[in-house]
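Numbering (my numbering), first residue to last: 10 to 243. Note that the Cβ used here is the ideal one computed from N, Cα and C, for glycine as well. So the structure is just underneath, and the comments pick up after that.
Printed below as a string of structure tokens:
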């Protein structure tokens, strides 16, 4: 029986949702945080082992300075407030991305949350992609490979396995399904390596408008697909 082991979500449309309601972008991102919490509850309910939430991309650093500041503050608040609940629900927090670009305050909170949620067998592995980009991940993996093989780099052949070993997601399975809200039909530099055989589902709904029924529709669509992994099965 087909199962969904790893669900990934590109939570898009917060800004446009706020703009349509005549609200500042911060309000859209606040609603987006609430729906991120809904996604965690949903994954627990459906017994999904891994959930990745694309929270902050490398490209987000190019946004308006005030919006970036608001995003980072909301990220910190959400971690601080929700970590106790995640512990109670046995959710293990993992982070991927270049977190060195964040403030020391946020980096410390990330490390605290990781430490506090690692001492039990998790019912859900929650992966937060923050300051993350697929191109960055691949370049970083190759750079790490070259560092590791500095003495004989010219003799070492770069293979899929050697890149995979150094990806931020090396300890996680590739996503079975990637959901993107907000109407755009692209990955936008998210999980470029890991999505090679992922099923993709696009919704026109903005992320703050997402509800359980929308997630059900995405999963129903996934379970009605026949996954071939590049092999024609007739």
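Is it the case that the Cβ atoms of residue 189 and residue 19 are separated by a distance below 8 Å? The sequence position of residue 189 within the chain shown is 180, counting from 1. The sequence position of residue 19 within the chain shown is 10, counting from 1. A contact, by the Cβ cut-off of 8 Å.
Pick out whichever of 85, 44, 222 has its Cα sitting closest to the Cα of residue 22. Mapped onto the chain shown, residue 22 falls at position 13. Here the closest residue by C-alpha is 44.
Euclidean distance between Cα positions of residue 194 and residue 132: In the chain shown, residue 194 corresponds to position 185, counting from 1. In the chain shown, residue 132 corresponds to position 123, counting from 1. Answer to the nearest angstrom: the Cα atoms are 31 Å apart.
Rounded straight-line distance, which links the Cα of residue 183 to that of residue 5: Since the first residue shown for the chain is 10 and the last is 243, residue 5 is missing from the structure and cannot be characterised.
Answer yes if the segment 229–237 comes into contact with the segment 202–215, meaning at least three C-beta pairs across the two stretches below 8 Å, and no otherwise. Flag = yes, the segment 202–215 and the segment 229–237 touch.
Residue 215 versus residue 12: straight-line alpha-carbon distance, rounded: Within the chain shown, residue 215 is the residue found at index 206, counting from 1. Within the chain shown, residue 12 is the residue found at index 3, counting from 1. For residue 215 and residue 12, the gap between their C-alpha atoms comes out near 26 Å.
Between the segment 168–184 and the segment 143–160, are three or more C-beta pairs nearer than 8 Å? Remark: three or more beta-carbon pairs, one from each stretch, lie closer than 8 Å, so the segment 168–184 and the segment 143–160 are flagged as touching.
Rounded distance between the beta-carbons of residue 212 and residue 66, thought under 8 Å: Taking the first residue of the chain shown as position 1, residue 66 is located at position 57. Taking the first residue of the chain shown as position 1, residue 212 is located at position 203. Between residue 212 and residue 66 the Cβ distance is about 19 Å, and since that is not below 8 Å, they are no contact.
With a threshold of 16 other CB atoms inside 10 Å of the CB of residue 231, please say whether the residue is buried or exposed. Start at 1 with the first residue of the chain shown, and residue 231 comes out as number 222. Residue 231 is buried by the Cβ-count criterion.
Assuming the contact rule is C-beta atoms closer than 8 Å, residue 138 and residue 63 should be a hit. Round their C-beta distance to whole Å, please. Taking the first residue of the chain shown as position 1, residue 138 is located at position 129. Taking the first residue of the chain shown as position 1, residue 63 is located at position 54. Sure, about 5 Å apart at Cβ, within 8 Å.
Would you kindly report the start and end of the unbroken alpha helix (DSSP H) that includes residue 232? In the chain shown, residue 232 corresponds to position 223, counting from 1. Residue 232 -> alpha helix (DSSP H) spans 221–232.
For residue 28 and residue 111, the rounded distance between their alpha carbons: In the chain shown, counting from the first residue as 1, residue 111 sits at position 102. In the chain shown, counting from the first residue as 1, residue 28 sits at position 19. Looking at the backbone, the Cα of residue 111 and that of residue 28 are separated by about 27 Å.
Tell me, please, which residues DSSP counts as bridged to residue 137. Counting from one through the chain shown, the residue named residue 137 turns up at place 128. According to DSSP, which records beta bridges pairwise, residue 137 is partnered with 62, 104.
Bridge-paired residues (DSSP) for residue 17: Within the chain shown, numbered from 1, the residue matching residue 17 stands at position 8. Paired residue(s): 61, 187.
Would you kindly check if the distance between the Cβ of residue 191 and the Cβ of residue 25 is under 8 Å? As a first step, residue 25 must be located in the chain shown, where it is residue number 16. As a first step, residue 191 must be located in the chain shown, where it is residue number 182. A Cβ-Cβ contact shorter than 8 Å links residue 25 with residue 191.
Within the segment 27–86, note down every full alpha helix (DSSP H) run reaching 4 residues or more, in order along the chain. Fully enclosed alpha helix (DSSP H) runs of no fewer than 4 residues occupy 34–54 of the segment 27–86, in order along the chain.
Option in 106, 175, 115, 51 with minimal Cα separation from residue 86: In the chain shown, residue 86 corresponds to position 77, counting from 1. Distance from the Cα of residue 86 is smallest, within the candidate group 106, 175, 115, 51, for 115.
Count the other CB atoms, across all protein chains shown, that sit within 10 Å of the CB of residue 217; report buried if there are 16 or more and exposed otherwise. Your numbering for residue 217 matches position 208 in the chain shown. If you draw a 10 Å sphere on the C-beta of residue 217, you find 16 or more other C-beta atoms in it, and that means buried.
Rounding to the nearest angstrom, what Cα-Cα distance links residue 38 and residue 30 in this structure? Working through the chain shown from its first residue, we reach residue 38 at position 29. Working through the chain shown from its first residue, we reach residue 30 at position 21. Put simply, the backbone Cα of residue 38 is about 13 Å away from that of residue 30.
Would you mind sorting residue 40 into buried or exposed? The rule is 16 or more other CB atoms within 10 Å of its CB. The residue you call residue 40 lines up with position 31 of the chain shown. The C-beta of residue 40 has 16 or more other C-beta atoms within 10 Å across all chains shown, which makes the residue buried.
Can you name the start and end residues of the alpha helix (DSSP H) that residue 154 belongs to? Counting from one through the chain shown, the residue named residue 154 turns up at place 145. If you look at residue 154, you'll find it in the alpha helix (DSSP H) that goes 143–157.
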